[in-house]
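As structure tokens, the structure follows; a few thoughts come after it.
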Amino acid sequence: MVTAGVRFRDEFVDGESLRVVERDSLAQLHRAVPVSEQYGRSLSLRAAFVERHPEFWLARRVVGPTRFVDWLLVLLTAGGPQRVQLEYPVCVRCGVRSAIANPTVQDLYIGLPNARDAYLRSWTLPVVPCPNCGSPFERNAIWAERVPDDVLPTLAYVRQGRGSS
Ligand SMILES: [Zn+2]
């Protein structure tokens, strides 16, 4: 079991109770996840990311009547906690890869009582440009950071699909 021994706390976001991984459990989750599985690799990557970035939460949610388990990142913004998808786009102008937090992904809102409103509101959040050259991203980034060179080799598998869950 991936979460054996991992400590959580409950946080209420968008009318939904999320199980947020306590900071002192992130390293354990990062290590505990089997690296041979696509799902595990991705979850492990996100746990490692949140370890380095205290402005994010890693949270577990149970979605809809099928009880599908999903993991997501939450960014702590001035306006409150905001669910986001972590993406690694390359800037079309300068070619530098960044980590970005994108809130405008419909999957993040599936199963919420106010899914449509929460999704539409995500498009109104202020966006940030490429941290290297200042050009706008093609995706909606409300947070961005240039990816350190030593992280790049581990990102090869992120480019396929959503790169998460
Ligand atoms: Zn750029």
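Going by our numbering, the sequence shown opens with residue 5, and the numbers climb by one from there.
No residue lacks a Cβ here, since even glycine has one placed at the ideal position from N, Cα and C.
- [ ] On a CA-only basis, which of Trp-75, Trp-127, Val-94 is nearest Pro-135? Give me that one, please.
- [x] Val-94
Task: Heavy atoms of ligand 1 versus C-beta positions, residues under 6 Å - done: Cys-95, Arg-97, Cys-98, Val-100, Cys-134, Asn-136, Cys-137, Ser-139
TODO: Please name the residue, chosen from Arg-56, Leu-30, Thr-81, Val-66, that lies closest to Val-131 on a Cα-to-Cα basis.
DONE: Thr-81
Open item on the list: Please identify the residue among Thr-7, Trp-127, Leu-22, Asp-121 whose C-alpha is closest to the C-alpha of Leu-77.
Closed with: Leu-22
TODO: Between the Cα of Val-100 and those of Pro-152, Thr-128, Arg-13, spot the shortest distance and give me the residue it belongs to.
DONE: Pro-152
Task: Residue burial classification, Asp-18 (beta-carbon count within 10 angstroms, cutoff 16) - done: buried
Task: Minimum C-alpha distance to Cys-137 - residue among Arg-87, Thr-128, Ala-148 - done: Ala-148
Open item on the list: Give me the residue from Asn-144, Ala-103, Ile-146, Phe-12 with the minimum Cα distance to Trp-75.
Closed with: Phe-12
Open item on the list: Helix, strand or coil for Phe-53? Go by DSSP, reduced to three states.
Closed with: helix
TODO: Please list, in chain order, all residues of the same chain as Glu-26 whose beta carbon is under 7 Å from its beta carbon, the five residues on each side excluded.
DONE: Arg-11, Phe-12, Arg-13
TODO: Determine, using beta carbons only, whether Tyr-113 and Ala-122 come nearer to each other than 8 Å.
DONE: Judged by beta-carbon spacing, Ala-122 lies within the 8 Å limit of Tyr-113, meaning their Cβ atoms are closer than that value.
Task: Inter-residue spacing [alpha-carbon to alpha-carbon] between Arg-71 and Glu-142 - done: 33 Å
Task: Cα-Cα separation between Arg-120 and Pro-85, rounded to whole angstroms - done: In a straight line, the C-alpha of Arg-120 is about 17 Å away from that of Pro-85.
TODO: State the CB to CB distance for the pair Gly-115 and Val-67, rounded to an integer number of angstroms; the pair is presumed to be in contact (CB under 8 Å).
DONE: Yes, Gly-115 and Val-67 are in contact; Cβ-Cβ is about 4 Å, under 8 Å.
Task: Whole-number beta carbon distance between Asn-118 and Asn-144, since they are thought to touch under 8 Å - done: About 19 Å; that fails the 8 Å criterion.
TODO: Identify which residue in Arg-97, Gln-110, Val-96 has its Cα closest to the Cα of Arg-87.
DONE: Residue Gln-110 is the option with its Cα nearest to Arg-87.
Task: Residue range of the unbroken alpha helix (DSSP H) whose run includes Leu-124 - done: Note, Leu-124: alpha helix (DSSP H), 119-126.
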